[in-house]
């Protein structure tokens, strides 16, 4: 399986990354090397094997710990917004989406 | 005196501080002086704030005079720049976060501060921890103190170089596929990747959440144990943190080697390993055998699939984790854009480097409609086969021994053209995190070029103490871990 330039551009659109034309060609080559490496894994017979989504799932068959549904965070909106690129009256500013 | 201090272990430094032979201010000054002298050529630190470090050292000294001293009171430490700190920026080696100042400290940072440690600065790393050489850092590559033309390994390359060059007595790292152990091996220091869930990840920038784990890097196994006593433990703010009693890792270092069953996977002693590496590791095996340990031949038949499995799972999780960098809430935002979608796309194009973009695209591909089952789900199934190999092996042995990396440190630029060649560096370090197992690397010799070789020990879940104990016993009989790099003399 080898990805074309078009497919790379489509993936970049999905991932919200703009690519310069010369960049997409270089990335295509690197991506195709990685996908060739990954091929080996695709050929393995995994009939009847459960996917392992958590590194400790043999220890926690019930899944990860859940905490009680209670408020634990204090209001730190001012702190957290202090690092935002653009703010107005406590709101994050983005380019206009609706006319 | 200064030379002795610079080369001392954490245990020795703690003793000297407690006996008031030295103050934290004096100690911190000697390390800062060394950073000033060596960071130009080695590029191990991204951020250093001398005034902040010294203010902190004065505070700890004052507290000690009042009789208050935590377990690491006055000890200078460096943090990989993936740990959020309020006082110093947290760049994660990326332009995206080049100016980012976190509103909170990581859990690990809080724990070290509470223990009295003094932050020396933030260490260089591969961008978003994606790399095995430190070359993907936006801030330029860190260099290997054993040979500056060579990489220090990665992604925790700056932490490893800092400890190797004695610019810090110890540092934190994170390990997703080998990012603590491989750089430790390449720079002749010690590094432990704890069991998944042993150390809280709260405040650590996420890369691949089913694999990421934080751990200590230092000069000796005993020092790793001291750091683990502070770092490890339950934290409700990390949903993967495991609730279990606090352990004293320093108390169990004198492991009985007689009768210890050491598994030697035939896959870890086969083709593709440099002769210098193989020789040093085999010498270590003979030492353990001479102490009464029993070597057990084992097989990890699916371990070779670790690299391909990892390069599906890690990019998939990274593409999802890194979607948060959109120029809205924090981090870089492009200056010019046409509309919202264009703002996202340009922000991410400018903020991320090539390796990160490549992994996001691989992740986007393997998670996309029509490919999910063939790639991501299949990788998770093969991951279970790899974990099952370890479980079967651990029925016959207590720990598994092998080389940390197939080669010693390579030259800067040698692998940058071919991502797959770079990824194969992690062939022996990737399987343990896939299975969630603890593993460490300690120095076990040098190759013909005088470059350090790392010995990897892998244990059962939550058996860090046994790994540290075996490594400690080895270090009582050898001095590989005490050698000082020739390009960073005392």
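Chains as they are written, first to last, in the numbering used here: chain A, 79 to 177; chain B, 1303 to 1792. Note that beta-carbon positions come from the ideal geometry of N, C-alpha and C, so glycine has one too. In this text, all values refer to a predicted model and were calculated from it rather than measured experimentally.
Listed by chain order, chain A residues near residue i by CB distance under 7 angstroms
i, result
"residue 1602(B)", "Result: empty, since nearest Cβ-Cβ is about 14 angstroms, beyond 7 angstroms."
"residue 1611(B)", "119"
"residue 1592(B)", "What residue 1592(B) touches in chain A: nothing, since even the nearest Cβ is about 35 angstroms away."
"residue 1684(B)", "119, 122 and 124"
"residue 1681(B)", "119"
"residue 1495(B)", "Per Cβ cutoff of 7 angstroms: no residues; residue 1495(B) is ~11 angstroms from chain A at best."
"residue 1542(B)", "142"
Alpha-carbon spacing of residue i relative to residue j, whole angstroms
i, j, result
"residue 1567(B)", "residue 1698(B)", "12 angstroms"
"residue 1460(B)", "residue 131(A)", "31 angstroms"
"residue 90(A)", "residue 97(A)", "7 angstroms"
"residue 1379(B)", "residue 1763(B)", "27 angstroms"
"residue 1545(B)", "residue 85(A)", "45 angstroms"
"residue 1391(B)", "residue 1306(B)", "31 angstroms"
"residue 1787(B)", "residue 1359(B)", "28 angstroms"
"residue 1515(B)", "residue 1662(B)", "20 angstroms"
"residue 102(A)", "residue 1480(B)", "29 angstroms"
"residue 1376(B)", "residue 1355(B)", "10 angstroms"
"residue 1561(B)", "residue 1597(B)", "9 angstroms"
"residue 87(A)", "residue 110(A)", "14 angstroms"
"residue 1648(B)", "residue 1633(B)", "13 angstroms"
"residue 1687(B)", "residue 1727(B)", "22 angstroms"
"residue 1781(B)", "residue 1525(B)", "15 angstroms"
"residue 144(A)", "residue 1540(B)", "11 angstroms"
"residue 1330(B)", "residue 1420(B)", "8 angstroms"
"residue 176(A)", "residue 1439(B)", "38 angstroms"
"residue 1357(B)", "residue 1654(B)", "35 angstroms"
"residue 1670(B)", "residue 1612(B)", "17 angstroms"
"residue 1732(B)", "residue 1609(B)", "7 angstroms"
"residue 1348(B)", "residue 1436(B)", "12 angstroms"
"residue 1656(B)", "residue 105(A)", "8 angstroms"
"residue 1473(B)", "residue 1755(B)", "20 angstroms"
"residue 1463(B)", "residue 1549(B)", "29 angstroms"
"residue 1308(B)", "residue 1784(B)", "12 angstroms"
"residue 1451(B)", "residue 1443(B)", "11 angstroms"
"residue 1604(B)", "residue 1738(B)", "15 angstroms"
Listed by chain order, chain A residues near residue i by CB distance under 8 angstroms
i, result
"residue 1650(B)", "93, 94, 95 and 96"
"residue 1632(B)", "161, 162 and 163"
"residue 1663(B)", "86, 89, 90, 93, 95, 105 and 109"
"residue 1676(B)", "120"
"residue 1654(B)", "95"
"residue 1721(B)", "108, 111 and 112"
Contacts that residue i makes with chain A (C-beta to C-beta distance below 9 angstroms)
i, result
"residue 1403(B)", "160 and 161"
Opening and closing residue of the alpha helix (DSSP H) in which residue i lies
i, result
"residue 1653(B)", "1642-1653"
"residue 1379(B)", "No alpha helix (DSSP H) contains residue 1379(B), which is instead part of the beta strand (DSSP E) from 1378-1382."
"residue 1745(B)", "From DSSP, residue 1745(B) is part of no alpha helix (DSSP H) but of the beta strand (DSSP E) over 1741-1748."
"residue 1411(B)", "1409-1416"
"residue 1681(B)", "1680-1695"
"residue 113(A)", "99-120"
"residue 1659(B)", "1656-1669"
"residue 1704(B)", "No alpha helix (DSSP H) holds residue 1704(B); the beta strand (DSSP E) holding it covers 1701-1705."
Chain-ordered neighbours of residue i on chain B, where CB pairs are closer than 8 angstroms
i, result
"residue 87(A)", "Those do not exist, as residue 87(A) stays about 10 angstroms from chain B at its closest Cβ, beyond 8 angstroms."
"residue 157(A)", "1405 and 1406"
"residue 128(A)", "1683 and 1686"
Chain B contact residues for residue i, given Cβ-Cβ distances below 7 angstroms
i, result
"residue 145(A)", "1538"
"residue 173(A)", "1639, 1641, 1642 and 1645"
"residue 131(A)", "1512 and 1682"
Residue interval of the beta strand (DSSP E) (run including residue i)
i, result
"residue 1758(B)", "1754-1761"
"residue 1347(B)", "1347-1349"
"residue 1721(B)", "Run containing residue 1721(B): none in the beta strand (DSSP E); it sits in the alpha helix (DSSP H), 1721-1725."
"residue 1676(B)", "Counting along the chain, residue 1676(B) falls outside any beta strand (DSSP E), and DSSP gives it neither H nor E."
Under 9 angstroms from the C-beta of residue i: neighbouring residues of chain B
i, result
"residue 154(A)", "1405 and 1406"
"residue 100(A)", "Within chain B, no residue comes near residue 100(A); the closest Cβ sits about 12 angstroms away, beyond 9 angstroms."
Short CB-CB distance (under 8 angstroms) between residue i and chain C
i, result
"residue 1666(B)", "Going by chain labels, chain C is absent from the structure shown, which instead holds the protein chains A and B."
Fully enclosed by the region 1444-1529 of chain B, which beta strand (DSSP E) runs are 3 residues long or longer? Taking only runs of at least 3 residues, the beta strand (DSSP E) segments lying wholly in the region 1444-1529 of chain B are 1472-1477, 1492-1495 and 1515-1520.
Are the region 1637-1644 of chain B and the region 1408-1421 of chain B in contact at 8 angstroms, needing three or more beta carbon pairs? Contact between the region 1637-1644 of chain B and the region 1408-1421 of chain B is absent, because fewer than three Cβ pairs lie under 8 angstroms.
Assess contact between the region 1400-1407 of chain B and the region 1485-1496 of chain B, defined as three or more Cβ pairs (one per stretch) separated by less than 8 angstroms. Is contact present? Note that the region 1400-1407 of chain B does not touch the region 1485-1496 of chain B; fewer than 3 beta-carbon pairs, one per stretch, sit closer than 8 angstroms.
Residue ranges of each beta strand (DSSP E) within the region 1545-1616 of chain B, 3 or longer: Here the runs fully enclosed are 1563-1567 and 1596-1600.
Taking contact to mean at least 3 C-beta pairs separated by less than 8 angstroms, is the region 1463-1475 of chain B in contact with the region 1341-1351 of chain B? The way I'd put it, the region 1463-1475 of chain B does touch the region 1341-1351 of chain B; three or more beta-carbon pairs between them come closer than 8 angstroms.
Counting only runs that start and end within the region 1303-1373 of chain B, where is the beta strand (DSSP E) found for 3 or more residues in a row? With a minimum length of 3 residues, the unbroken runs of beta strand (DSSP E) contained wholly in the region 1303-1373 of chain B fall at 1347-1349.
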